[in-house]
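Counting in this note's numbering, the sequence shown runs without a single skipped number right up to 278 at its last residue.
Take a look at the structure below.
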Amino acid sequence: MSYIEEMLEEILKLVYREYREIVEIERLTCELEETLNHSDRKSANLILEMRQSEMERVSQAKRAISELLESMDDDFKRLLEGEQLSERKESEAERISMISRQRNHTMENIRRIDRALSRRVAGKDSYYEE
149 MSYIEEMLEE ILKLVYREYR EIVEIERLTC ELEETLNHSD RKSANLILEM RQSEMERVSQ
209 AKRAISELLE SMDDDFKRLL EGEQLSERKE SEAERISMIS RQRNHTMENI RRIDRALSRR
269 VAGKDSYYEE
């Protein structure tokens with residue numbers, strides 16, 4: 149396996165790990181919404197703590213991705229940008245791109261739910277109020 153293939157594979161693993169954590173945040177956010185619909189503050193606090201733990205894992209994954217990208221030398225970056233990628237490399241690059249798009253969509257859904265919850269709970273003191 150070439151250096152580029154190894155790096156792409158490692159980036160793919162990290163991006164997928166980040167995505168899995170974000171999906172878990174989405175699940176917990178939906179659960180939080182349901183819990184608040186039933187006015188169960190105790191359970192809501194527990195879910196918020198769980199969600200915070202997941203957010204910390206996402207931050208760790210993002211840091212790992214950034215560190216990996218920063219560790220790449222300029223020659224590798226130029227090679228990656230300009231090289232005609234082999235089928236395997238192209239496939240991994242496409243998977244990274246697809247997971248990134250799914251991550252962005254999931255994050256937008258989390259923000260939408262979170263915005264509604266914040267406005268409902270905090271009213272005009274909501275983080276999302278302008």
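Every residue gets a Cβ at the ideal spot worked out from N, C-alpha and C, and that includes glycine.
Annotation: the continuous alpha helix (DSSP H) that includes M203 extends over R189 to S219. Across the structure, Y167 and T183 are spaced so that their CA atoms are roughly 24 Å apart. Inclusion of L162 and I244 in the CB contact set at 7 Å is not warranted, their separation being larger than that value.
When only Cα atoms are considered, C178 and S187 end up about 14 Å apart.
In this structure, I261 sits near E181, with a CB-CB distance shorter than 7 Å. The residue from E153, E157, E204 and L156 with its alpha-carbon nearest to that of I173 is E204. In terms of Cβ geometry, I170 and R251 form a close pair [threshold 7 Å].
Around the C-beta of L156, 16 or more other C-beta atoms lie within 10 Å, and the residue is accordingly described as buried.
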